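Everything on this sheet refers to the single structure shown next.
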DNA sequence: ACGCTAAAAATGAATGTTCATTCTTTTTGC
DNA sequence: GCAAAAAGAATGAACATTCATTTTTAGCGT
């Protein structure tokens, strides 16, 4: 048992180090040796947990994405009104991006570069289904505009990623008031 | 004169090759040798036009960004009504992203990764001033919401980048109708 | 028009470094 | 004392950059 414990700690340290270094330097500018050093582990040890560098990055991506969607859909059930459901999900997303800055930045970078394998990308997309379902329902009930889900997503949720990157760069300081404004903008852009 | 002509052609070929390869593989996964090959040039020749790889990428970024803003603000003057000005600019941005797909994707990747030097980033940001001015005026005239320009930008314009990336990945086919919808969503999210 | 020349531009082949991955040895937990 | 886990050193490939030459160019005198 103690042995297994230790392994999971090392794995977590590797994942954390990967996220941190990739955020600051990008995927190809973070050598395995630096990841190892930051995780207090030998380079060779990485290969006990992951097949190779690409496998490492894919797995980290999928795990972070899974954590993200789990966080976002916590407390969400499909029996509440569409507008309330949208508000809940939107605010959870905002929460995540404010609280788990590192993870959120990592996802933003993965989603905008050819860093992740296509199959892992697909894998990560799966979990968003509840949101698509909600929109479908909203459209049927005539509450939200009959637009493509990609437009809805682009206008209601994706802007948060942009704000987060700006915040990271020190261009802009995001606070609770901004978030309320942003939520209103999001809702205005999709409601009928 | 003929000498200079030839040089500019080579330089353009290098810029084009860089954009193409970085879009498909990312900055650090595109070797100078491949850029040279795609531009039909010797690797050593690149160093006649650029100091090093980082300088190459910074210069390409700044040039593409300049071309982008020149395109976007063509025909724009500050004496037209705010709502019309917004519509003109928004639609020019959409045009650019549809017509100059490669350039637009390149900018999206640069803006979401640590690939570009901070100073070059600043340089590229300068040209957006007319848009900020327009918003300032819109707020004064009580036509648009009194929000931070970053929120306005995030919600009204940045979503286009997301749609473009989705289109590039074959997830979503963007057409003229979608653009009209997107424009309406953008306007709804910022108008008072 | 022509050939010559010196400078500029361009090249392909080295150079030295960095890095992912593997190999061999050591340490750990039981 | 043994199997799994971890380590550090070794290996070999990929790459940015430089170097030594060759090619092209633009001007010049004839």
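Chains as they are written, first to last, in this note's numbering: chain A, -3 to 188; chain B, -3 to 188.
Glycine included, C-beta positions come from ideal geometry on N, C-alpha and C.
Quick caveat, the model's predicted, so the values are computed rather than measured.
Please state the DSSP three-state secondary structure of residue 76 of chain B. Taking the first residue of the second chain as 1, we reach residue 76 of chain B at position 80. If DSSP states are grouped into helix, strand and coil, residue 76 of chain B belongs with coil.
Separation of residue 182 of chain A from residue 93 of chain A, as counted between CA atoms: Counting from one through the first chain, the residue named residue 93 of chain A turns up at place 97. Counting from one through the first chain, the residue named residue 182 of chain A turns up at place 186. Near 16 angstroms, if we compare the C-alpha coordinates of residue 182 of chain A and residue 93 of chain A.
Considering only C-alpha positions, which residue in the set A/114, A/177, A/149 and A/42 is nearest to residue 128 of chain A? Your numbering for residue 128 of chain A matches position 132 in the first chain. The candidate whose alpha carbon is nearest that of residue 128 of chain A is A/149.
Quick one, which of B/61, B/136, B/49 and B/147 has its alpha-carbon nearest residue 155 of chain A's? Taking the first chain and counting its residues from 1, the one referred to as residue 155 of chain A is at position 159. Out of B/61, B/136, B/49 and B/147, B/147 has the C-alpha closest to the C-alpha of residue 155 of chain A.
Could you tell me the distance, in whole angstroms, from the CA atom of residue 160 of chain B to the CA atom of residue 152 of chain A? Taking the second chain and counting its residues from 1, one reaches residue 160 of chain B at position 164. Taking the first chain and counting its residues from 1, one reaches residue 152 of chain A at position 156. Rounded to whole angstroms, residue 160 of chain B to residue 152 of chain A spans 16 angstroms at the Cα level.
What first and last residue would you give for the alpha helix (DSSP H) that runs through residue 168 of chain A? Along the first chain, read from residue 1 onward, the residue named residue 168 of chain A stands at position 172. It is not in any alpha helix (DSSP H) - residue 168 of chain A carries neither H nor E in the DSSP assignment.
If you pair each beta-carbon of the stretch 32 to 42 of chain B with each one of the stretch 55 to 64 of chain B, do three or more pairs fall below 8 angstroms? no
Backbone CA spacing between residue 169 of chain B and residue 144 of chain A [nearest angstrom]: Taking the second chain and counting its residues from 1, the one referred to as residue 169 of chain B is at position 173. Taking the first chain and counting its residues from 1, the one referred to as residue 144 of chain A is at position 148. The straight-line gap from Cα to Cα measures roughly 10 angstroms.
Are residue 72 of chain B and residue 84 of chain B closer than 7 angstroms when you measure CB to CB? As a working note, residue 72 of chain B is residue 76 in the second chain. As a working note, residue 84 of chain B is residue 88 in the second chain. Yes, they are a contact pair.
Quick test of the definition: if touching needs 3 or more C-beta pairs under 8 angstroms, does the stretch 61 to 76 of chain A touch the stretch 16 to 29 of chain A? no
If contacts are defined as beta-carbon pairs under 8 angstroms, then residue 139 of chain A and residue 185 of chain A qualify, I think. What distance do you get, rounded to the angstrom? Position 143 of the first chain, counted from the start, is the residue given in the question as residue 139 of chain A. Position 189 of the first chain, counted from the start, is the residue given in the question as residue 185 of chain A. Between residue 185 of chain A and residue 139 of chain A the Cβ distance is about 14 angstroms, and since that is not below 8 angstroms, they are no contact.
Who are the Cβ neighbours of residue 187 of chain A in its own chain at under 8 angstroms, not counting the five residues just before and after it? Your numbering for residue 187 of chain A matches position 191 in the first chain. Excluding sequence neighbours, residue 187 of chain A sits near 79, 139, 140 and 141.
May I have the straight-line CA-CA distance separating residue 136 of chain B from residue 120 of chain B, to the nearest angstrom? For the purposes of this step, residue 136 of chain B is taken as residue 140 along the second chain, with counting starting at 1. For the purposes of this step, residue 120 of chain B is taken as residue 124 along the second chain, with counting starting at 1. Near 27 angstroms, if we compare the C-alpha coordinates of residue 120 of chain B and residue 136 of chain B.
Taking C-beta to C-beta, are residue 191 of chain B and residue 108 of chain A nearer than 7 angstroms? The structure shown has nothing for residue 191 of chain B, since chain B only spans -3 to 188.
Anything in chain B within Cβ reach of residue 162 of chain A, meaning under 7 angstroms, just list it in chain order. Numbered from its first residue, the first chain carries residue 162 of chain A at position 166. In chain order: 146.
Three-state secondary structure (DSSP) of residue 187 of chain A: Residue 187 of chain A sits at position 191 when you count from the first residue of the first chain. Residue 187 of chain A falls in the strand class under three-state DSSP.
Please compile the residues from chain A whose C-beta is within a distance smaller than 9 angstroms of the C-beta of residue 20 of chain B. Within the second chain, numbered from 1, the residue matching residue 20 of chain B stands at position 24. Under the 9 angstroms cutoff, chain A gives 110.
Could you pull out every residue in the same chain whose Cβ sits closer than 7 angstroms to the Cβ of residue 157 of chain B, ignoring the five residues on either side in sequence? Residue 157 of chain B sits at position 161 when you count from the first residue of the second chain. 104, listed in sequence order.
For residue 105 of chain A and chain B, any beta-carbon pair shorter than 7 angstroms? The residue you call residue 105 of chain A lines up with position 109 of the first chain. Answer yes: the Cβ-Cβ gap between residue 105 of chain A and chain B drops below 7 angstroms somewhere.
Short CB-CB distance (under 7 angstroms) between residue 92 of chain B and chain A: Your numbering for residue 92 of chain B matches position 96 in the second chain. No, no contact with chain A.
Between residue 158 of chain A and chain B, is there a C-beta pair that is closer than 7 angstroms? Here residue 158 of chain A refers to the residue found at position 162 of the first chain. At least one chain B Cβ lies under 7 angstroms of residue 158 of chain A.
Burial state of residue 195 of chain B (16 or more Cβ within 10 Å): Past the boundaries of the shown model lies residue 195 of chain B; chain B is included only from -3 to 188, so the question cannot be answered.
From the DSSP output, which residues share a beta bridge with residue 140 of chain B? As a position in the second chain, residue 140 of chain B is number 144, starting the count at 1. Paired residue(s): B/187.
Chain B contact residues for residue 155 of chain A, given Cβ-Cβ distances below 7 angstroms: Taking the first chain and counting its residues from 1, the one referred to as residue 155 of chain A is at position 159. Here the neighbours are 150, 151, 154 and 155.
Given that residue 140 of chain A touches chain B, what residues does it touch there, using C-beta distances under 7 angstroms? Translated into positions along the first chain, residue 140 of chain A becomes position 144. Going along chain B, no residue has its Cβ under 7 angstroms from residue 140 of chain A, so there is no contact; the nearest lies around 11 angstroms.
Spell out whether any CB of chain A is found under 7 angstroms from the CB atom of residue 185 of chain B. Along the second chain, one-based indexing puts residue 185 of chain B at 189. Cβ-Cβ to chain A under 7 angstroms: yes for residue 185 of chain B.
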